[in-house]
Amino acid sequence: MINSLSEQLPLKTIGIVLTDDYYTYLGIASLFEDGKCFMFPLNGEYNSCQISASEDIIIIIDGRVLIQGVWKGFKALMQHYPHARRIWLTRRDIGKLYPHGCDRDPDIDPDLAKPVFIEH
0 MINSLSEQLP LKTIGIVLTD DYYTYLGIAS LFEDGKCFMF PLNGEYNSCQ
50 ISASEDIIII IDGRVLIQGV WKGFKALMQH YPHARRIWLT RRDIGKLYPH
100 GCDRDPDIDP DLAKPVFIEH
């Protein structure tokens, strides 16, 4: 049974940035309150952040994972946090690639006339 106090408390939003670029991580981490943002490398070798599955988790994925082909970190995060929201960062230098089954918002990037979806 859940007590009434815990029902009133909002979930903390935790960010996990899947990237090898420290400056990308720093920029995104500055948007989160109280430093509740963690960097997770593409190769998945760093796993010291303790995050409860009951927290509101946003996984921010560096689009370079698609051209580098290093999926270990991505697969580990999807396995541990399947309920997490995912945000794919696109870059003009890698094109408009998205994984198969990924939603996109044309209002955010109107020049995405025909994105390319790939299977990982």
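Residue numbers (numbering that gives the first Met the number 0): 0 to 119.
We put the CB at the ideal spot given by N, CA and C, even for glycine.
These numbers were taken from a predicted model, which means no experiment stands behind them.
Bridge partners - Met-203, DSSP secondary structure assignment: No answer is possible for residue 203: the residues shown for the chain start at 0 and end at 119.
Measuring alpha carbon to alpha carbon, tell me which residue in Trp-70, Asp-20, Leu-76, Tyr-22 is nearest Ile-50. The candidate whose alpha carbon is nearest that of Ile-50 is Leu-76.
Report the rounded CA-to-CA distance for Gly-62 versus Trp-87, giving the unit in angstroms. Going by the C-alpha atoms only, they are around 6 Å apart.
Is Met-77 helix, strand or coil by DSSP? DSSP places Met-77 in helix when its eight states are reduced to three.
Any 3 or more C-beta pairs closer than 8 Å across the stretch 54 to 70 and the stretch 12 to 22: Between the stretch 54 to 70 and the stretch 12 to 22 there are three or more C-beta pairs closer than 8 Å, enough to call the two in contact.
Length of the line joining the Cα atoms of Gly-72 and Gln-78: Those two C-alpha atoms are separated by around 10 Å.
Going by alpha carbons, who is nearest to Val-64 out of Asp-20, Thr-12, Lys-11? The option with the nearest alpha carbon to Val-64 is Asp-20.
Just curious, the alpha helix (DSSP H) that Leu-30 is in, first and last residue? Taken as a continuous stretch (DSSP letters only), Leu-30 belongs to no alpha helix (DSSP H), as it is neither H nor E.
On a Cα-Cα basis, can you pick out the residue from Ile-66, Cys-36, Phe-31 that is closest to Arg-90? Restricting attention to Ile-66, Cys-36, Phe-31, the CA atom closest to the CA of Arg-90 is found in Ile-66.
Let me know the secondary structure DSSP gives Ile-50 once reduced to three states. If DSSP states are grouped into helix, strand and coil, Ile-50 belongs with coil.
Need the endpoints of the alpha helix (DSSP H) that Val-120 sits in, please. Since the first residue shown for the chain is 0 and the last is 119, residue 120 is missing from the structure and cannot be characterised.
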